[in-house]
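S.K.:
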Amino acid sequence: MKDFVAVRKILEEHLATINDNTGEIQALFDYLQELEIKVDKLSRRLELAQLDLGLPRAKPGIAPLNQLECKVFLVLYTEEGMLSYLEIAQKSGLPASIVPECVSSLIQKGIPFRRSFFENQLFLSLDPQFKELQTKENVVNLSLQSFME
5 MKDFVAVRKI LEEHLATIND NTGEIQALFD YLQELEIKVD KLSRRLELAQ LDLGLPRAKP
65 GIAPLNQLEC KVFLVLYTEE GMLSYLEIAQ KSGLPASIVP ECVSSLIQKG IPFRRSFFEN
125 QLFLSLDPQF KELQTKENVV NLSLQSFME
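Numbering (our numbering), first residue to last: 5 to 153.
#1: Among GLY97, VAL143, GLN71, GLU84, which has the Cα closest to the Cα of PHE127?
#2: Is there contact between the segment 29-47 and the segment 80-95, where contact requires at least three CB pairs shorter than 8 Å?
#3: Just the Cα atoms here: how many angstroms apart are GLN125 and ILE41?
#4: Please state whether DSSP places LEU15 in a helix, a strand or coil.
#5: Along the beta strand (DSSP E) that carries PHE128, what are the first and last residues, could you check?
#6: Taking DSSP as the reference, what is the three-state secondary structure of LEU87?
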């Protein structure tokens, strides 16, 4: 009986440590989200400064998207408003746990987003200027087939 009590105590200690680590990971994720927002604002200010100086705006280089990223992109591309991760998951038919990874991957591939926090929830939409550029020049190289899936 003593052995079971000792094992239970050890498992409870491990669980407490895991919970502490989960909290730290969430805090770091929140910090990184805030940092991304600040970098995005700085990038927009730089673009506006370039436009004010009359410098041509560089065409974004977008890396090819995989099938999951394409689904998330299409949901955001076809929506007018901002969406939460849960709404993106529902509209794309993907599990909610995959959507943040897909969004992060899209950001790394050069897709610009607008972000907004409301009641501790992140809402996203495609940058309107990028959306317009995608409509005119198909910088993401979407095929008609991707809209049919």
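For every residue, glycine included, the Cβ atom is placed at its ideal position computed from N, Cα and C.
Because the structure is a prediction, the values reported are computed rather than measured.
M.R.: Based on what the coordinates show:
#1: The option with the nearest alpha carbon to PHE127 is GLU84.
#2: Taking a cut-off of 8 Å for Cβ pairs, the segment 29-47 and the segment 80-95 do not touch, as fewer than three such pairs fall below it.
#3: GLN125 and ILE41 have their C-alpha atoms spaced approximately 14 Å apart.
#4: Helix, per DSSP.
#5: It should be pointed out that residue 128 corresponds to Leu in this sequence rather than to Phe. Note, LEU128: beta strand (DSSP E), 125-130.
#6: Reduced to three states, the DSSP call for LEU87 is strand.
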